[in-house]
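See below for the structure under consideration.
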Amino acid sequence: MTKPIWIKHASQLATLASSEKGPRSKKAMSDLGLIEDGSLWIENGLIQAVGITADLEKQYAGREHEAEVVDATGHLVTPGLVDPHTHVAYGGSREREFEMRLEGATYMEIMNAGGGIHATTRMTREASEEELIEQTTKRLDLFLEHGVTTIEGKSGYGMDLETELKQLRVMKTLQETHPIDIVPTFMGAHAVPVEYKGREDEFVDLLIDEMLPVIAEEKLAVFNDVFCEKDVYTPEQSERVLEAGKRLGLIPKIHADEIESYGGAELAAKVGAISAEHLLKASDEGIKAMAEAGTIACLLPATALYLREQAAAGRKMIDEGVAVAISTDCNPGSSPTTSMPLVMNLACISMRLTPAEALTAATYNAACAIKCEDKAGSLEVGKQADIVLWDAKNYQEIQYFFGVNHVKAVWKKGVQVVG
Ligand code: NIG
Ligand code: FE
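In our numbering, the protein residues as written are 828 to 1246.
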C-alpha cells in the first residue's frame, strides 16, 4: 500500500469537472470547474476526493499524518494534459527537410520526391524494435516533462504489415513499461508507399484485405486513421479504408483538409469519425457537418506554424458548435515537438481560443477524442490521479507567458514522475 498524497492549498485547481458528459463545445469549453484554495486526496493511484481545502480537512480529519502532504500554495493544479494525435514511434529525424522548406521546397514536393513520410518510413523499416523503443522513450520522457500524461500514438511509418506491426508493438511495450498511457491508432494509409506509386487502389485493397484484419485480430489499435489529401488518398479511397476498419471494430479518424480543401471534414461527419485532424482548409459546409455529427476537431496549431501556414479556424469552429481538441501532432516532419503548453499558447495566438478553451481542448476534449475521458482529462473522484502542478498561479499565466515550460511536478496514476 502506498502512502496517500494530499495536494492542498492550490491557489487554483482547474478540475475540468462537469455534470455533462461528452465533448464540450461553445460556452461549455470555458467552464474549467475552478476551485480556489483547492485540495486533492489521492490513494491507490486514483483521486479519492476533490474540493476546497477546508472541506477535505474535515473529511480526512485524523488521517492527515498518513498522507504525504504537498503544499501547493501559490500554484495552479490541473489534470495531466492529453495529446490526442501523435506519430511518436518513428525512426531517425529529418532536419535537412526543415532547411529545404526554408529554401523554398514545399512539404508535398519533398514527399512526392521520396522524402517526407517516405524518408521516415525507410528509417523506421530499418530500425530494430529495440532502437525504436529507445528513440521513442526519449520522446515520451519529454512529453511527461511538458505535463502530458496520456497520448495517442499512430503507426504509419511502415506501410508494410511487418513494420506497421513493429510500430504498434513498440507502443504496446511502452504502454506497459513507461508511465505515459499510449492509445494506439493504425495509420497504414499515412501515404502511398513508393513501391505502390500509381497503384493506389491496390494498396487500399492490401490495407483492407491483409493489414486491417491482422491489426484488429491482435487488438493492436483502437482507431484507424487515413491521410485524406490531394495526391495521397481520395475521399472515396479513405472512406473504403475507414468503413473496412469500422467493420472490424476500429474507430475512424481522418487527417483532413490539411494542405488543400478536399472534402475531408465532410467525410469525417459522414463516416462517423470520432475526430477529424488538421482542418486548416476545411470548408464552411464541412465545419457545419462536423458540428451536426458531433465530430471533434483535433487542431494542430504547431504544425501550421512549422509549415508556415495559416492555422485552422478554431474560433469559428467553436462558435459554430464544434468541440475542439488540440494536439502537438508530434512527428519528425511537420511538427517535431512534444510541448502541449506551446500548443495551448499557439491555440490562443493563432486560432483565437481563449486560455480557458485551450485548456479544455488540451485536457477533457482531448481525452474524448481518444475515448479515455472515463479515466483522464479531468480531476474527478474515481479517475486516475494524473495531475500537473504548475509554476504559475492561474490558468491564464501558463498560456500568456510564452515559450516557457511552467510544469513543476507531474503525478501519473498517483506516482510522482516529474519534479
Ligand atoms: O499529421 N499529414 C500527415 N502526417 C503527419 C506528418 C508526418 C510527417 O511529415 O512525417 C501530420 O502532419
Ligand atoms: Fe498527424
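Beta carbons are placed, not taken as given, at the ideal position from N, Cα and C, and that holds for glycine.
- For Leu-873, the enclosing beta strand (DSSP E) has its first and last residue at 873-879.
- Burial is judged here by how many other beta carbons sit within 10 angstroms of a residue's own beta carbon; Thr-829 has fewer than 16 and is exposed.
- In the DSSP assignment, Glu-863 is bridged to Gln-839.
- Rounded to the nearest whole angstrom, the CA to CA distance from Glu-1224 to Asp-1111 is 33 Å.
- For Phe-970, DSSP assigns no beta-bridge partner whatsoever.
- If the five residues before and after Glu-870 are omitted, its C-beta is found closer than 6 Å to the C-beta atoms of Pro-831, all from its own chain and listed in chain order.
- The three-state reading of DSSP puts His-945 in helix, counting H, G and I together.
- The beta carbon of Leu-843 sits closer than 7 Å to the beta carbons of Leu-859, Gly-860, Pro-906, Thr-1187, Thr-1190, Tyr-1191, Gly-1204, Ser-1205 and Leu-1206 from its chain, once the five residues preceding and following it are set aside; these are given in chain order.
- Scanning the segment 1157-1217 from its first residue to its last, the whole alpha helix (DSSP H) runs of 4-plus residues come out as 1167-1178, 1182-1188 and 1191-1196.
- Relative to the ligand FE, even the nearest heavy atom lies 7 Å or more away from the CB of His-945.
- Taking every protein chain shown into account, the CB of Phe-1229 has fewer than 16 other CB atoms within 10 angstroms, so this residue is exposed.
- For Ile-1145, the three-state secondary structure derived from DSSP is helix.
- Restricted to the segment 983-1026, the alpha helix (DSSP H) segments that are unbroken, complete and at least 4 residues in length are 988-1004, listed in chain order.
- DSSP places Pro-906 in the uninterrupted beta strand (DSSP E) bounded by 903-906.
- Straight-line spacing of the CA atoms in Ala-1018 and Glu-1045 works out to 23 Å.
- In this structure, the beta-carbon distance from Leu-1107 to Ala-1124 does not fall below 8 Å.
- Here the C-alpha atom of His-902 lies approximately 16 Å from the C-alpha atom of Asp-1213.
- Residue pairing of Asn-1221 in beta bridges, as defined by DSSP: absent, with no partner found.
- Under DSSP, Thr-977 shares a beta bridge with Val-909 and Asp-1008.
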